[in-house]
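Novice: Mind having a look at this structure? Questions to follow.
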Amino acid sequence: MEQLRELSKGNVVQSCDLCRVKKRRCDLKEGVKRCSSCTKSKSVCQITHVTKPREKKKKKQIEGLEGRLKSLEDLIRTSLAPAQAATKTIEESDGRTQPSVTPSVPSVEGFSFNNPLAARSELGVDSSLSTSTALSSSEPQVDYWSESADQQMQLNQHDPPPTNIDLQPTTRVRDNNKKCSLPPAEGAFFLLQEYLEDFNAATPLFDRVTISTLFEDCYNGRSVVSVISWVALKLVLAIAHRLRAMSPLGVKQDSENAELYLEECVVELHILMMERPSLLLCQCYIGMAVVISTSSNPKPAAMFVSMALRVAQDLRINDSSLNSPISPRERLQQQRVFWVAYSMDADWSLRAGRTPSLSPNLITIDLPASEDPDGAGEICAIGGEFRINVFRLRAELALIQAEIMEKLQSPDVSKKPAFDGDIMWHTLALKLDGWRKQWPGNLTVEQLQQYLHRSDLVHMIAVEAAIFSTLYLLVAYLAPDTRTKTRPFSPEGLLEQLTRPQAQSTYHDAKRFAGLLASVPGEDVAIKWQTMEAIAAAITVILSYIVNRPDGENSKSDLRFARPGMYTLNQLCSISKDSDFAALKTICVDLYLRAERALQ
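By UniProt numbering, the letter at position 592 of the sequence shown is numbered 592, and the numbering carries on one by one without gaps.
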């Protein structure tokens, strides 16, 4: 009875077993052997003490933002742990730190221009990239540009560290016969982390908190997720795979996965076009432009950037006087998205020979901060040798590019006297020269490879391509007799500039860009599709300079600068069906053969 008294104080059942089963009141008390019910039925009256578990509190349907971010960080940390442990094991087994991979390309003599490489298998859309894998260690050494003419670089092959993270998407067919491909949650958050570190850090397309929350909502099903959210998620995964394809860890499936995600996003394009203007819609258009511009059919990307700028204008992002009810953080992200879109549009407009979608005179918002508290747009050297905000510099360059194209396409230019026109173009040249003083152009290719991570080096190459394209157009146009309506980077435009000495004044800039181009893998990787016009222009400048000065001191050794670009053109033209790319290759091949004959 003492035990019964102690148990009665807690959350304990105090009726006999039979009364409890029959759900009737039990009057069993201390000092009584049976309750009245059991006495009448002459049943055994006993008590089996059962403690009821406490009722668990129901979780709230919407958790706090801090809790959700913490769970995401824990998952990412768990995902990264196996890869980091594997990398550490490899370094310890070698007894030293692995050197950075410095890919180079075979000599032009090593392949035939009339025997292109076979195109890779295609996935759904017309452009399927095969990723750049590490070249065999048995390949010959190749010349590689450096400050010393005798220095050569050889490709170092490194096997990717083993990892048990599954990045492969699983395709399911929905009720409406549409395909939906997604990797496991662990792989998706791992790719999200790579995207944030390798792409979003230099090009802040998404707010880190917002895109992380979107991933959690899609994978956890915490709320009804719209089609546009799934499109944004797949575009982030596609960009992450594009960047992986340019790294030593890249495998063939990386580009295939990127094309698969792009194909499924294009299928939903009719839904996106009927969406109300929103920041996420603008970001999706930019994301599609990024993925398309790094494929074997990059030209449609410009249309998506123009659509993104149109959505940005509907949102009145460019109106600095607007009193918007949104938070300052969201307003800041809107402005970042605007500058991402405008920078891409200005660069592609310059290469296409058309006016930009938005005049630079109509922009009223401030440029991105040169020292952002979040570090948005910054590229830092590994050892802290330098730090630049590539996002801010890219926006400043875009304004110069847009001003050049706006004046170049103006009908009043041909009516003005030549002297006034020269003053105008020289003023723009001075603006470009002042901008270049902020750019680390004094660093050699070897120094950039030593100081920067590979993903940061890719961003540097993209900006260097924009710099060279702008300089090539501006310098080639300074002379009055070169003013023409021919697109400067078209096959016809490059042929026109071959005999012009003004274009050859960009010779050293072309050599620098060609050297940077050789620092990425020699396969059909994303950055080379995005900079195809700049590659062809750099090759023509280098080769025409050698043809006109075959007796120059460094003419013979400088021929090797064109080899990375020649190899790239040969390989990409064997995949792409674009007639302009084929014409650019023909021009460059003819120039290369002429340069070889001139040096003999």
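All C-beta atoms in this analysis are idealised placements derived from N, C-alpha and C, irrespective of residue type, glycine included.
Throw me the rounded Cβ distance for the Thr48 and Asp27 pair, which I believe falls under 8 Å.
Specialist: Their Cβ separation, rounded to whole angstroms, is 18 Å, which puts Thr48 and Asp27 out of contact at 8 Å.
Novice: Three or more C-beta pairs closer than 8 Å, one from the segment 450 to 466 and one from the segment 361 to 380: is that the case here?
Specialist: Segments in contact, yes.
Novice: DSSP three-state label for Lys577, please.
Specialist: Three-state DSSP puts Lys577 in coil, outside helix and strand.
Novice: Tell me, to the nearest whole angstrom, how far the beta carbon of Ala341 is from that of Leu309; I am working on the premise that it is less than 8 Å.
Specialist: Indeed they touch by this definition, with Cβ atoms about 5 Å apart.
Novice: Assess, as a yes-or-no matter, whether the segment 492 to 512 is touched by the segment 569 to 580 under the definition of 3 or more beta carbon pairs within less than 8 Å.
Specialist: With the cut-off at 8 Å, the segment 569 to 580 and the segment 492 to 512 do not touch.
Novice: Inspect the beta-carbon positions of Val173 and Ile239 and report whether they are closer than 8 Å.
Specialist: Result no, Cβ atoms of Val173 and Ile239 do not sit closer than 8 Å.
Novice: List the residues that DSSP assigns as beta-bridge partners of Arg487.
Specialist: Answer by DSSP bridge pairing: none, since Arg487 is not bridged.
Novice: Measuring CA to CA, which of Ile317, Pro248, Glu385 is closest to Leu367?
Specialist: That would be Ile317, whose Cα lies nearest to the Cα of Leu367.
Novice: In or out: Leu430 buried (at least 16 other Cβ within 10 Å) or exposed?
Specialist: Answer is exposed; the Cβ neighbour count stays below 16.
Novice: Per DSSP, Lys179 is paired with what?
Specialist: Lys179 is bridged to Val173.
Novice: In angstroms, rounded to a whole number, what distance separates the CA positions of Cys588 and Leu272?
Specialist: Roughly 41 Å between the two C-alpha positions.
Novice: Report yes or no: do the segment 463 to 475 and the segment 392 to 404 share at least 3 C-beta pairs separated by less than 8 Å?
Specialist: With the cut-off at 8 Å, the segment 463 to 475 and the segment 392 to 404 touch.
Novice: Count the other CB atoms, across all protein chains shown, that sit within 10 Å of the CB of residue 630; report buried if there are 16 or more and exposed otherwise.
Specialist: Outside the displayed span of the chain (1 to 600) sits residue 630, for which this structure offers no information.
Novice: Looking only at its chain, what residues have a beta carbon closer than 8 Å to the beta carbon of Gln600, apart from the 5 residues adjacent to it on each side?
Specialist: Cβ within range, chain order: n/a, list empty.
Novice: Could you tell me the alpha carbon to alpha carbon distance between Asn361 and Ser320, rounded to whole angstroms?
Specialist: So the alpha carbons of these two residues sit roughly 14 Å apart.
Novice: Starting from the C-beta of Gln168, find all residues in its chain whose C-beta is less than 8 Å away, skip the five residues before and the five after it, and write them out in chain order.
Specialist: Pro183, Gly187, Gln253, Asn257, listed in sequence order.
Novice: How would you call residue 633, buried or exposed, if buried means at least 16 neighbouring beta carbons within 10 angstroms?
Specialist: No information on residue 633 is available, as it lies outside the stretch 1 to 600 that the chain covers here.
Novice: What do you get for Phe489, buried or exposed, if any count of 16 or more other CB atoms within 10 angstroms of its CB means buried?
Specialist: Its Cβ being crowded by 16 or more others within 10 Å, Phe489 is buried.
Novice: Beta carbon of Val337: closer than 7 Å to some heavy atom of the ligand MG?
Specialist: This structure simply doesn't include the ligand MG, nor any ligand for that matter.
Novice: Buried or exposed: Gln334, going by 16 or more other Cβ atoms within 10 Å of its Cβ?
Specialist: Looking at its Cβ environment, which holds 16 or more other Cβ atoms inside 10 Å, Gln334 is buried.
Novice: For a minimum of 4 consecutive residues, which ranges assigned as the alpha helix (DSSP H) are wholly contained in the segment 293 to 338?
Specialist: Within the segment 293 to 338, the complete alpha helix (DSSP H) runs of at least 4 residues are 301 to 314.
Novice: CA-CA distance, Met460 and Ser278?
Specialist: Going from the Cα of Met460 to the Cα of Ser278 covers about 30 Å.
Novice: Report the rounded CA-to-CA distance for Asp314 versus Phe206, giving the unit in angstroms.
Specialist: Approximately 19 Å between the Cα atoms of the pair.
Novice: Beta-carbon separation of Ile546 and Ser555 under 8 Å?
Specialist: For Ile546 and Ser555, yes; Cβs fall inside 8 Å.
Novice: Identify whether Arg500 lies in helix, strand or coil by the three-state DSSP scheme.
Specialist: Arg500: coil per DSSP, three-state reduction.
Novice: Taking just the CA atoms, how far does Thr531 sit from Asp590?
Specialist: The alpha-carbon atoms of Asp590 and Thr531 are separated by roughly 21 Å.
Novice: Hey, how far is the Cα of Ala86 from the Cα of Asn164?
Specialist: Residue placement at Ala86 is poorly supported in this model, since its pLDDT is 44, which falls under 50; the coordinates are not used for a value here.
Novice: Could you pull out every residue in the same chain whose Cβ sits closer than 6 Å to the Cβ of Val236, ignoring the five residues on either side in sequence?
Specialist: Correct list, in chain order: Tyr195.
Novice: What separation, rounded to the nearest whole angstrom, lies between the Cα atoms of Ser505 and Trp425?
Specialist: Those two C-alpha atoms are separated by around 16 Å.
Novice: Could you tell me the alpha carbon to alpha carbon distance between Ala538 and Tyr507, rounded to whole angstroms?
Specialist: One C-alpha to the other measures close to 8 Å.
Novice: Considering only residues of the segment 366 to 447, which uninterrupted beta strand (DSSP E) runs meet the minimum length of 3 residues and lie entirely inside it, listed in chain order?
Specialist: With a minimum length of 3 residues, the continuous beta strand (DSSP E) runs that stay inside the segment 366 to 447 are 378 to 380, 387 to 389.
Novice: Cα-Cα, which of Val445, Ser212, Ala202 is closest to Asp372?
Specialist: Nearest option by C-alpha distance: Ala202.
Novice: Would Leu322 be called buried (16 or more neighbouring beta carbons within 10 Å of its own) or exposed?
Specialist: It is exposed - the Cβ of Leu322 has fewer than 16 other Cβ atoms within 10 Å.
Novice: Taking just the CA atoms, how far does Asp217 sit from Gly493?
Specialist: Gly493 and Asp217: Cα-Cα distance of roughly 50 Å.
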